[in-house]
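In the working numbering, the protein residues as written are 23 to 325.
We put the CB at the ideal spot given by N, CA and C, even for glycine.
Quick notes on the structure that follows.
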Amino acid sequence: MLDTKWLRQFYAVAQAGGITRAAEQLHLAQPAVTMTIKKLEQQLGVMLFERHQGRMRLTTEGERLYQHAERILGALRLAEQDMAALHDLNAGEVCIGIPSMLGSFYFPPLLMAFKHRYPGLSIRVEEAGTQDVLERLCRGQLGLGIVLTSSLPPALTGLPLLREEMVAVVHADHPARHRPHIEIRDFLAQELAVFRHGFFHREYIDEVARQAGVTPRIGFESNLIPLLKAVVRHGFAITTFLRMVIADDPDLFPVSFAEPFFLDLCLAWPRDRRLSRAEQAFIHFLDAQHDKALQPPGKDVIT
């Protein structure tokens, strides 16, 4: 039977790319971690690592064990969260996967308001693309995550959160700045600054390019929003963001597409998993905030 302590050490070495750094992260002595890896290899009868240019790389067998370890340790972490918040809301953790655009511009005030309501709970945000969040939710490695409503599989339950327009973003001197809209082919024909694959920003560009039969001209690729903004601001490229992302940027300008496109995003969690009290509180909190946002002016919802 595999020892979970051994799995944690194996996983740490695989992520760190070496025993020394993994031992530091685990607060263990390096020889102890080295011995654990040797014992694990002996027990399984396979080589898990090979050394390459000073780093430890997973073998094919090591990759398989890494995938199992990721699932097992993720499930254990969620179980620990559940138990910590089982009896009250003065302890426990809410872990949520959030795409960077939402993590930077939509969620900060919500997370701070939730923390103010439940000061005893800790909040851990794991930044990842919507596709990665979706996969981790389905594998049981995340308890909560933000995904596209259109991508929600039967195994997940979703709470609608946000409907926001994807717009082209241009600099002050761009000819499209004063136009009512921009055609998608005109957009794709220009130098683009985009996120990497796995983020809804990039998925949107790839999908509209596929539908138009056009290969997009990608000049810059990064998941750093300030960098993408700077590239556009200085006229090197244009991009597309949720409209909210540039609401406070006076030198960046949104232009709707000729066929406006709106993204529907939801908070999702595995349907067959029992939620901890901390997670239930977070879901109810966001649901109440969503209802409040939908109220006509002058009507308040007590949350």
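Item	Value
Endpoints, the alpha helix (DSSP H) within which L264 is located	No alpha helix (DSSP H) holds L264; the beta strand (DSSP E) holding it covers 261 to 264.
Length of the line joining the Cα atoms of Q89 and P197	49 Å
Own chain residues within Cβ distance below 8 Å of T26, not counting five before or after	I94, L95, L98
Among R295, H306, F307, nearest to G165 - alpha-carbon criterion	R295
Bridge partner(s) assigned by DSSP for T179	W291
DSSP bridge partner residues for M78 (one or two, in chain order)	R73
Whole-angstrom C-beta distance between V216 and I247, which should lie under 8 Å	Going by Cβ atoms, the distance from I247 to V216 rounds to 12 Å, so no, they are not a contact pair.
With 16 other Cβ atoms within 10 Å as the buried cut-off, status of G76	exposed
First and last residue of the uninterrupted alpha helix (DSSP H) at E63	52 to 66
Supposed close pair L289, L181 - CB separation, criterion 8 Å	5 Å
Neighbourhood of F307 by C-beta distance below 6 Å, restricted to the same chain and skipping five residues each side	F136
Continuous alpha helix (DSSP H) stretch holding P272: start and end	No alpha helix (DSSP H) contains P272, which DSSP labels as neither H nor E.
C-beta contact flag for E92 and Q163 at 9 Å	yes
Runs of alpha helix (DSSP H) wholly within the stretch 174 to 259 (minimum 4 residues, chain order)	206 to 210, 222 to 234, 247 to 255
According to DSSP, residues forming a beta bridge with I168	L289
C-alpha distance - G114 paired with A101, whole-angstrom precision	11 Å
Pairwise C-alpha distance: T82 and A259	41 Å
Pair within 9 Å by beta-carbon distance, T58 and F32	yes
Coarse secondary structure for R139, derived from DSSP in three states	helix
Beta-carbon spacing of Q65, L24 below 9 Å	yes
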